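Below you'll find the structure, written out as C-alpha cells, and then a few comments.
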Amino acid sequence: MGDAFDADLDSLSLHAIMTRWPATLRVFIAWRLYCVGCPIADFHRLADSAREHGCELPELRRAVRRAIERPGLSPAALPRAHRRSAAGGAGP
21 MGDAFDADLD SLSLHAIMTR WPATLRVFIA WRLYCVGCPI ADFHRLADSA REHGCELPEL
81 RRAVRRAIER PGLSPAALPR AHRRSAAGGA GP
C-alpha cells in the first residue's frame with residue numbers, strides 16, 4: 021500500500037471505508053469521531069472528518085491504513101488523535 025492507495029482511500033466516503041474494512045470502525049470510535057452510524061458518512065471523506073473534528077488528516081489516514089493492513093490489531097496499538105485547539109495549534 022502506498023500513495024496510490026492513499027489517493028483511493030481519500031476518494032471513498034467514510035461509509036464505504038467502514039463497510040469495506042470493518043476493522044476501521046475501531047479507529048473512528050477510538051478517535052471519538054462518531055462517524056459510525058452518522059447519516060452524512062455517505063458524503064464525508066477522511067479529509068472532511070479530520071477538518072470537522074479538528075484532527076490532522078495524515079495521522080487519521082495513517083491510523084485507518086494501519087487498521088486495514090492489520091485488522092486483528094488491538095485498538096490500543098492504533099495511533100490516537102491529536103486534535104487541534106480552537107486557536108489552530110496542536111491540542112492535547
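My numbering numbers the first residue of the sequence shown as 21 and each following residue consecutively.
Think of the CB as a built atom: it goes at the ideal place given N, C-alpha and C, for glycine as much as any other residue.
A quick note: this is a predicted structure, and the numbers were derived from the prediction, not measured.
Put simply, the backbone Cα of Ser69 is about 16 Å away from that of Thr39.
Collapsing the DSSP output to three states places Ala61 in coil.
DSSP places Leu53 in the coil class of the three-state scheme, outside both helix and strand. Counting along the chain, Pro78 sits inside the alpha helix (DSSP H) bounded by residues Leu77 to Glu89. Under the three-state reduction of DSSP, Leu93 is assigned to coil, being neither helix nor strand. For Leu32, no alpha helix (DSSP H) run applies, since DSSP gives it neither H nor E. CA-CA distance, Asp26 to Cys58, rounds to 23 Å. Around the beta carbon of Leu29, 16 or more other beta carbons lie within 10 angstroms, which makes this residue buried.
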